[in-house]
Amino acid sequence: MADLSNFSLEGKNAWVTGASYGIGFNIAKAFVQAGAKTIVFNARSQESLQVGLDNYKAAGITNVKGYLCDVTDEKGVKTLVETIHKEVGQIDILVNNAGIIKRIPMHEMARQEFQEVIDIDLVAPYICASAVLPEMMERREGKIINICSMMSELGRETVSAYAAAKGGLKMLTRNICSEYGEYNIQCNAIGPGYIATPQTAPLRERQADGSRHPFDSFICAKTPAGRWLDPEELGGPAVFLASHASDAVNGHILYVDGGILAYIGKQPK
Ligand code: NAP
Ligand code: GCO
467 MADLSNFSLE
477 GKNAWVTGAS
487 YGIGFNIAKA
497 FVQAGAKTIV
507 FNARSQESLQ
517 VGLDNYKAAG
527 ITNVKGYLCD
537 VTDEKGVKTL
547 VETIHKEVGQ
557 IDILVNNAGI
567 IKRIPMHEMA
577 RQEFQEVIDI
587 DLVAPYICAS
597 AVLPEMMERR
607 EGKIINICSM
617 MSELGRETVS
627 AYAAAKGGLK
637 MLTRNICSEY
647 GEYNIQCNAI
657 GPGYIATPQT
667 APLRERQADG
677 SRHPFDSFIC
687 AKTPAGRWLD
697 PEELGGPAVF
707 LASHASDAVN
717 GHILYVDGGI
727 LAYIGKQPK
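The numbering of the sequence shown is our numbering, which starts it at 467 and goes up by one.
Next up, the structure:
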């Protein structure tokens, strides 16, 4: 019988930011399947918090606590971490999942719009990681997983702020690894490919004439499997990076992209 105990999250508490739905919710679900003791998630609105609570309930997940907190609110995040320590216990795993994208040609993008993406997708992971590190350092153990992107490696039209943020998040991941590895804290990232979630829904919408969105066809041609990935497919890689099975993995960006980064793309017929 294989011994998979190293992949277990038994007894572990995990905070997944912005995990009301989408990728974060599916990562949290996988953590529960791997034996996590308590899942904590936060939302920036009461509405999104309730959506999350309803989603966890519908999935039969009861060991979950949701809190109202905007990840860009440094004071609010510090207060949230203190509350989690009081009400749940130690934070063994942090997943910096919360994120937004704005698809606007750079020369038409207002400074404030650019800044908002940077604040949520890059500054907030710094804020949240900085808030959980002291306790992890004390325990000399911890897992931080940042959610990067294809845009941590590649650019494309209209996503300048997002690519800058996700490229920075790749290096923030490597720097947290470098600075805190001596405390037995591993910081890695998952770089999802193109995942069917609300964030990418506009790229998959049917056209007025019922035809496929050009970007939908484009991405399927760029993915060897010829399809968008399901958010559930990120669960296994996330469990691996959250578990002791990855204690010797640090500063790594694990691309879960169906092979996009390896593939030149299907030749148009
Ligand atoms: P999503 O469906 O748009 O979900 C994003 C979640 O983050 C939402 O629950 C959102 O809450 C929350 N959020 C946004 N800003 C927040 C803030 N300031 N404070 C707290 N929560 C906040 O996106 P997703 O597709 O699941 O993506 C999740 C992560 O994966 C993001 O970092 C994204 O960049 C990354 N990613 C996505 C893909 C993809 O193809 N989908 C690929 C690579 C990487 P609200 O409900 O309030 O908006
Ligand atoms: C886009 C998409 C992508 C995905 C993801 C790819 O507009 O190109 O939203 O950015 O969200 O980041 O890995």
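Ideal placement from N, C-alpha and C gives every residue a C-beta, glycine not left out. None of the values given here were measured: they were computed from a predicted structure.
What is the DSSP secondary structure of residue i, counted as helix, strand or coil?
i, result
"N563", "coil"
"I570", "coil"
"Q665", "helix"
"L534", "strand"
"A494", "helix"
"Q652", "strand"
"I642", "helix"
"T504", "strand"
"P690", "coil"
"G657", "strand"
"L470", "coil"
"A629", "helix"
"L620", "coil"
"L695", "strand"
"A728", "helix"
"A711", "helix"
Quick test of your reading: residue i and residue j, contact by CB under 8 Å. State the CB separation rounded to the nearest angstrom.
i, j, result
"L519", "A502", "That belief does not hold up - the Cβ atoms of L519 and A502 are roughly 17 Å apart, past 8 Å."
"C643", "G702", "Actually they are not in contact, since the Cβ atoms of C643 and G702 sit about 21 Å apart, beyond 8 Å."
"V625", "R569", "6 Å"
"K478", "D558", "4 Å"
"N654", "L638", "So it is not a contact: roughly 12 Å between Cβ atoms."
"A494", "A485", "5 Å"
"T663", "I527", "18 Å between Cβ atoms; not a contact."
Under the criterion of a Cβ to heavy atom distance below 8 Å, does residue i qualify as lining ligand 2?
i, result
"T666", "yes"
"G657", "yes"
"K632", "yes"
"D696", "no"
"L700", "no"
"R569", "yes"
"L669", "yes"
"V547", "no"
"Y660", "yes"
In the DSSP assignment, the alpha helix (DSSP H) including residue i goes from what residue to what residue?
i, result
"L720", "Here L720 belongs to no alpha helix (DSSP H); instead the beta strand (DSSP E) covers 719-722."
"Q512", "512-524"
"H551", "540-553"
"L707", "701-708"
Using a C-beta cutoff of 9 Å, does residue i count as contacting chain D?
i, result
"P697", "Looking for chain D here will not work: only one protein chain is present."
Determine the extent of the beta strand (DSSP E) in which residue i is found, giving its start and end residues.
i, result
"T483", "479-483"
"N716", "Careful: N716 lies outside any beta strand (DSSP E) and carries neither H nor E."
Say yes only if the C-beta of residue i is nearer than 8 Å to one or more non-hydrogen atoms of ligand 1, and no if none qualify.
i, result
"V537", "yes"
"C614", "yes"
"T663", "yes"
"G565", "yes"
"R622", "no"
"I586", "yes"
"Y522", "no"
"N508", "yes"
"A590", "yes"
Could you tell me if the beta carbon of residue i falls within a distance shorter than 8 Å of some heavy atom in ligand 4?
i, result
"S474", "Among the ligands present in this structure, namely ligand 1 and ligand 2, ligand 4 is not found."
### Query
At which residue ranges does the region 574-612 contain complete beta strand (DSSP E) runs of 3 or more residues, listed in the order of the chain?
none
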